[in-house]
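Asks: Reading the sequence shown from the start, the letters are residues -23 to -1, 1 to 396 in mature numbering (1 follows the signal peptide of the UniProt record, and there is no 0). Ideal Cβ placement from N, Cα and C applies to all residues, glycine included. What you are looking at is a predicted structure, and each value in this text was computed from that prediction instead of being measured.
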Amino acid sequence: MSYRIAFAALLSLTLCFYLFSSAFLDATKNIWHSFTNAATGARVPDFSHFPPQPRTLSAVEFPINAPGKRVLIVGDLHGMYDPFRALLDKLDYKPASDTLIHVGDIVAKGPHHGSMNVLKYMASHNITGVRGNHDQKVIEWRAWLDWINRTNGGAVWLAELHAAAEEDDPDDPEEWAEKRLKNDRTRWSKKIPDGWKLLSDHYRVARDMSASDFRYISSLPLALHAPQAHVLIAHAGILPSDPNYKPSHRRQPLARIPALPAGLDTPEDKIATLRRLQEAALFTKVPQNTDPWVTLNMRGVLDDNTVTRGKKGTPWAEIWNRDMGNCAGFDPKHRFEARPSKDELPCFPATVVYGHAASRGLDVKRHSVGLDSACVTGHRLSALVVDAKLQNTPPLEVRKKKTIQFGEGSAQIIDVKCD
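1. Since M186 contacts R108 with CB under 8 angstroms, what's their CB separation in whole angstroms?
2. Determine whether the beta carbon atoms of V278 and P198 lie at a separation below 7 angstroms.
3. Roughly how far, in whole angstroms, is the beta-carbon of R343 from the beta-carbon of N298, given that I think they are within contact range, below 8 angstroms?
4. Does the separation of the CB atoms of L77 and D190 fall below 7 angstroms?
5. Apart from the five residues just before and just after P147, which ones in its own chain have a Cβ nearer than 6 angstroms to its Cβ?
6. For the candidate residues Q205, K262 and K247, whose alpha-carbon lies nearest to that of A232?
7. Given a cut-off of 7 angstroms, decide if Q30 and A305 are closer than it, judged by their beta-carbon atoms.
8. Helix, strand or coil for Q205, going by three-state DSSP, please let me know.
9. Is C395 near L358, with beta carbons less than 7 angstroms apart?
10. Tell me whether the stretch 176 to 183 and the stretch 97 to 116 touch, counting them as touching only if at least three CB pairs, one residue from each stretch, are closer than 8 angstroms.
11. When we look at the beta-carbon of P44 and count the other beta-carbons within 10 Å, is it buried (16 or more) or exposed?
12. Is P230 closer than 7 angstroms to L259 when the C-beta atoms are compared?
13. Here's the rule: buried if 16 or more other CB atoms are within 10 angstroms of the residue's CB, otherwise exposed. What is H55?
14. So, at 6 angstroms on beta carbons, what are the nonlocal neighbours of V271 in its own chain, with the 5 sequence-adjacent residues on each side left out?
15. Let me know the secondary structure DSSP gives I390 once reduced to three states.
16. Please classify H139 as buried or exposed, where buried requires at least 16 other C-beta atoms within 10 Å of its C-beta.
17. Please report the residue range of the alpha helix (DSSP H) in which K159 lies.
18. Alpha carbon to alpha carbon, what distance is there between S350 and H356?
19. Quick check on DSSP: helix, strand or coil for A120?
20. Could you work out which residue in P170, G131 and I194 is closest to T163 when comparing CA atoms only?
21. Which of the three DSSP states is assigned to G302 in this structure?
22. Would you kindly check if the distance between the Cβ of V80 and the Cβ of G52 is under 7 angstroms?
23. Using three-state DSSP, classify residue 400 as helix, strand or coil.
24. CB residue 424 to CB P22, shorter than 7 angstroms?
25. Alpha carbons only, please: which of V363, W173 and N303 is nearest the one belonging to W121?
26. Can V48 and I215 be called in contact, C-beta distance under 7 angstroms?
27. Would you report the Cα separation of A239 and R228, rounded to the nearest angstrom?
28. To the nearest angstrom, how far is it from the Cα of Y98 to the Cα of D300?
29. Check this for me: beta carbons of A36 and Q255, under 7 angstroms apart or not?
30. Could you work out which residue in I381, A388, S387 and A360 is closest to L65 when comparing CA atoms only?
31. Which residues mark the beginning and the end of the beta strand (DSSP E) in which Y331 is found?
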């Protein structure tokens, strides 16, 4: 009997340790935590600089219904400075009356000098935007550079490496650095995180940008929420529900009406508040959306319900439009579709604006707008234009005015060629 009790206790301890270890590993996936380096005794910081998400935009910051004001949302730039300025000219951009927003990936992949110019423009004008996956790599490299330069001996090692690279002037700096690091017997080469490419495009942008540029790019949120316009912006995208459960499951934010705060008088106030709370819950109650990797890299959802950055699986925008198309409002009598459906959800639709998916090009759907039209590979640079006049355009007039349906009104796509 005592043998069985001891065996059961040992089994329980083993199971607890396994579960704790698995949970710990899952929680730390793709996240840099502070730790003490045994070789140098130096404290290694969190290089990611992830801010809380999302950042909420006021009606002043996203003036969708203000007369004489426009919101201009620009697609992935990737350092394509000349097309960017051409697009601003075509838009007749006026900072005094226009709000300019970008969807991330403002640097890297394109010309180095272009990346530096785009970043300088965005930082000096404090342009609203979100960070993209390429911006994230630049942020992490700059945080690493700041750390290694503060570490005893690290600055000297790095300066010698830069001097050698300048002297050799390789055609492929990244390949040159990889070969040099293989023969580096010092401890410093081991301080470079796995998978990071020294002297890569991201590294060189991080090294060359100013302190104010770094403050700007590292301040960019992972997502923006404009509740008065019912618009969400993220570089790669946002899921409307947890794919592991049906959209109508009680744990899904769009499957239940939020608790209403006290003190709201009119039905309009109540509906606006409920919509804001439900939209905000997408960032906290859909577990995938709490992972920065998802909002930076997602392209679709595989058959096993995992998020992927590859081309296989269901594009997340299809899932978004499916769920938003099933929103039937908070009043059972109020429906957006002509006939009742068993898939109806107690919600109002919201619109996502994003970039990242260049292979899909300009991707306009009823409740999502993908703006990465592959400028960096010579295609086009696109912007979404929203103003009070367009918002008041009836849906039936959309085709006549060459605009798109956007939220409860209309918007316009303006683009330029990228040579």
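Replies: Concretely, from the data shown:
1. Contact doesn't hold; Cβ gap of about 14 angstroms is too wide.
2. For V278 and P198, no; Cβs fall outside 7 angstroms.
3. With a Cβ gap of about 6 angstroms, R343 and N298 count as contacting.
4. In this structure, D190 does not lie closer than 7 angstroms to L77 by Cβ.
5. The beta carbon of P147 sits closer than 6 angstroms to those of W153, all from its chain and outside the five residues before and after it, given in chain order.
6. A232 has its Cα closest to that of K262, out of Q205, K262 and K247.
7. No, the pair does not count as a contact, with Cβ atoms beyond the cut-off.
8. In the structure shown, Q205 sits in coil (DSSP, three-state: anything other than H, G, I, E or B).
9. Cβ distance < 7 angstroms, so C395 and L358 count as in contact.
10. As far as the Cβ criterion goes, the stretch 176 to 183 touches the stretch 97 to 116, which means the pair count is three or higher.
11. By the neighbour-count rule (16 or more Cβ atoms within 10 Å), P44 is not buried but exposed.
12. Yes; because the gap between Cβ atoms is below 7 angstroms, this pair is in contact.
13. H55 comes out buried.
14. Within the same chain, Cβ atoms closer than 6 angstroms to the Cβ of V271 are found at Q265 and V284, the five residues on either side in sequence being excluded.
15. Here I390 sits in strand by DSSP.
16. It counts as exposed.
17. P150 to K159 is the span of the alpha helix (DSSP H), which, as asked, contains K159.
18. C-alpha separation (whole angstroms): 7 angstroms.
19. Assignment of A120 by DSSP, reduced to helix, strand and coil, places it in the helix class.
20. It is G131.
21. Helix, per DSSP.
22. Going by C-beta atoms, G52 is nearer than 7 angstroms to V80.
23. Residue 400 lies beyond the stretch modelled for the chain, which goes from -23 to 396, so this question has no answer here.
24. The shown model of the chain, from -23 to 396, leaves out residue 424, and the question about it has no answer.
25. The residue with the shortest Cα to Cα distance from W121 is W173.
26. Contact check for V48 against I215 fails: the beta carbons are separated by 7 angstroms or more.
27. Distance between the alpha carbons of A239 and R228: 24 angstroms.
28. Straight-line Cα distance between these residues: approximately 38 angstroms.
29. Contact: no.
30. Cα-wise, what sits closest to L65 is A360.
31. Residues T328 to Y331.
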